[in-house]
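Presented below is the structure to which this report refers.
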Amino acid sequence: MNTSPLVRTGVRFGTALAAAGCMLHAAEKVDVSKLPPPAQQTGVTYEKDIRPIFEKHCFKCHGEEKPKARLRLDSREGVLKGSREGKVIEVGDSARSPLVHSVARLGDEDHWMPPPDKGEPLTPEQIGLIRAWIDQGAR
């Protein structure tokens with residue numbers, strides 16, 4: 001199919017908007033009152049606090065080799081970039097972050113992480129630390 005660059009860009013933009021809308025719509029269906037609270041710890045960083053959690057629970061499917069849904073959690077930049085469905089964190093607002101909903105296993109079971117047959121769920125303390133990292137600016 002021979003389409004102009006402008007049409008191809010419009011299609012990609014429309015697909016991105018639709019995916020972002022799906023992520024936002026999914027986030028609206030989550031009962032955030034069921035989320036563990038953010039950790040009280042200050043100065044939470046990706047390298048020191050979050051990477052070890054992701055390394056233990058997430059890298060097998062969201063690491064360097066063939067990251068599922070094109071989501072890489074093996075670097076801060078990868079987390080900020082998001083997945084093929086769009087952003088997975090809302091910097092400064094962990095309660096609206098699809099990643100937090102997924103690891104807390106809230107909302108659509110198809111997005112629970114790690115999937116029930118692939119690993120142990122994160123603890124409330126680990127989820128709270130991820131929430132604190134996001135709320136503190138995802139440094």
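Position 82 (the sequence shown) corresponds to 82 in this note's numbering; numbering is contiguous. Virtual Cβ for every residue (Gly too), placed ideally from N, Cα, C. Here the structure is a predicted model, which is why all the values come from computation and not from measurement.
Whose C-beta lies closer than 8 angstroms to the C-beta of alanine 95 among residues of the same chain, with five residues either side of it excluded?
Locating residue 95 in the sequence shown gives position 95, where the first residue counts as 1. Val32, Leu35 and Arg131.
Taking 8 angstroms as the limit between beta carbons, can you name the residues of its chain near valine 100, skipping five residues before and five after?
Residue mapping note: residue 100 aligns to position 100 of the sequence shown, counting from 1. For valine 100, where only same-chain residues beyond five positions count, the Cβ hits under 8 angstroms are Leu35, Ile89, Ser94, Ile127, Ile130, Arg131 and Ile134.
What is the rounded straight-line gap between the Cα of methionine 23 and the Cα of valine 79?
Here residue 23 is taken as the residue at index 23 of the sequence shown, counted from 1. Here residue 79 is taken as the residue at index 79 of the sequence shown, counted from 1. With a pLDDT of 43 at methionine 23, under the threshold of 50, the modelled position of this residue cannot be trusted; read the value that follows with caution. When rounded, the distance between both Cα atoms is 15 angstroms.
Is the region 115 to 127 touching the region 70 to 79, taking contact as three or more C-beta pairs under 8 angstroms?
no
Work out the CA separation of proline 38 and arginine 72 for me, nearest whole Å.
Walking along the sequence shown from the start, residue 72 turns up at place 72. Walking along the sequence shown from the start, residue 38 turns up at place 38. Taking the straight line joining both Cα atoms gives about 23 angstroms.
Can you tell which of Ala138, Glu55 and Arg105 has its C-alpha closest to the C-alpha of glycine 92?
Position 92 of the sequence shown, counted from the start, is the residue given in the question as residue 92. It is Ala138 whose Cα lies nearest to the Cα of glycine 92.
Span separating the alpha-carbon of glutamate 65 from that of leucine 106
To locate residue 65, count along the sequence shown from 1; it is residue 65. To locate residue 106, count along the sequence shown from 1; it is residue 106. Approximately 27 angstroms, taken between the alpha carbons.
How is the alpha helix (DSSP H) around glycine 128 delimited, first residue to last?
Counted from its first residue, the sequence shown places residue 128 at position 128. 124 to 135 is the extent of the alpha helix (DSSP H) around glycine 128.
Start-end ranges of the alpha helix (DSSP H) lying completely within the region 87 to 117, minimum 4 residues
Entirely contained in the region 87 to 117, the alpha helix (DSSP H) runs reaching 4 residues are, in chain order, 98 to 103.
If I follow the unbroken alpha helix (DSSP H) through lysine 68, where does it start and stop?
In the sequence shown, the residue the question calls residue 68 occupies position 68. Note, lysine 68: premise wrong, no alpha helix (DSSP H); not H, not E.
Among the residues of its own chain, which have a CB less than 6 angstroms from the CB of cysteine 58, if the five just before and after it don't count?
Counting from one through the sequence shown, the residue named residue 58 turns up at place 58. Within the same chain, Leu73 come within 6 angstroms of cysteine 58 by CB-CB distance, once the 5 residues on both sides are set aside.
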